[in-house]
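J.: Per UniProt numbering, the sequence shown starts with residue 1, numbered consecutively.
Just so it is clear, CB atoms sit at the ideal spot from N, CA and C, and this is done for glycine as well.
All of these numbers come straight from a predicted model, not from anything done at the bench.
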Amino acid sequence: MAVSRQGMTDEQRKSVALEYLKGFDNGGVTSDGSPLLDLFADDAQVWFPKWGLANGREEIGRLFADVGGTITSIRHHYASFNWVFSGGDTIVAEGTSHGEHRDGAWRAGVPEWAAGRWCDVFEIRDFLIQRVFIYLDPDYAGADTGRYPWLAGARDGD
Numbered sequence: 001m002a003v004s005r006q007g008m009t010d011e012q013r014k015s016v017a018l019e020y021l022k023g024f025d026n027g028g029v030t031s032d033g034s035p036l037l038d039l040f041a042d043d044a045q046v047w048f049p050k051w052g053l054a055n056g057r058e059e060i061g062r063l064f065a066d067v068g069g070t071i072t073s074i075r076h077h078y079a080s081f082n083w084v085f086s087g088g089d090t091i092v093a094e095g096t097s098h099g100e101h102r103d104g105a106w107r108a109g110v111p112e113w114a115a116g117r118w119c120d121v122f123e124i125r126d127f128l129i130q131r132v133f134i135y136l137d138p139d140y141a142g143a144d145t146g147r148y149p150w151l152a153g154a155r156d157g158d
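1. In the DSSP assignment, what residue or residues form a beta bridge with L53?
2. Would you identify the three-state DSSP class for E112, choosing helix, strand or coil?
3. How would you call residue 187, buried or exposed, if buried means at least 16 neighbouring beta carbons within 10 angstroms?
4. Using alpha carbons as the reference points, say which of W150, R125 and V121 lies closest to L136.
5. Excluding five sequence neighbours on each side, which residues of the same chain lie with their C-beta closer than 6 Å to the C-beta of A41?
6. Can you give me the Cβ contacts of T9 inside the same chain, cut-off strictly under 6 Å, excluding the 5 residues immediately before and after it?
7. Would R57 count as contacting chain B if we go by Cβ distances under 8 Å?
8. Have a look at L53 and A114 and give me their C-alpha separation to the nearest angstrom.
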């Protein structure tokens, strides 16, 4: 197999990352109607907290089905994203979201300590996601407060 290296600009990488995030908001479908997995290289990797590392499209599909099966809806707040460009294949997106999880609703900042803030580190090459590591609190409904002394009694307010 030959290694292809199509040159990409930071804006092109950003457009792939945005298409990925918007695909989640659209129930796993990209803007042209393709499955979200079509944005990934065959041997891509995705890491999600409390799930682990998914290698290749088949495992990534399983990760997305497992996590997505717990989420009724999600909306990313695109206007407030922070983007960091490495000058290479890696870009970072930091942002907020809100939505509905099977355990309850979430919105970034409500309360301030709860879910909704996230950071994704992408490696995008040849117009495909090669790697994305997702950093967020997977306790979307904010129910896991008992193990954290500073959150004891905080579930009803911030």
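T.: On the basis of the coordinates in this document:
1. Taking the first residue of the sequence shown as position 1, residue 53 is located at position 53. DSSP, once it has assigned bridges, lists W47 as partnering L53.
2. Counting from one through the sequence shown, the residue named residue 112 turns up at place 112. Of the three classes helix, strand and coil, the one that applies to E112 here is coil, per DSSP.
3. Since the displayed the chain opens at 1 and closes at 158, residue 187 lies outside it and no answer follows.
4. Position 136 of the sequence shown, counted from the start, is the residue given in the question as residue 136. Nearest option by C-alpha distance: V121.
5. What you label residue 41 is simply residue 41 of the sequence shown in a count that begins at 1. Cβ neighbours of A41 beyond the five flanking positions: L128 and Q130.
6. On the sequence shown, residue 9 is found 9 positions in, with the first residue counted as 1. Counting only Cβ-Cβ distances below 6 Å, and skipping sequence neighbours, we find nothing.
7. The structure shown contains no chain B; it is built from a single protein chain.
8. In the sequence shown, the residue the question calls residue 53 occupies position 53. In the sequence shown, the residue the question calls residue 114 occupies position 114. Cα to Cα, L53 sits roughly 24 Å from A114.
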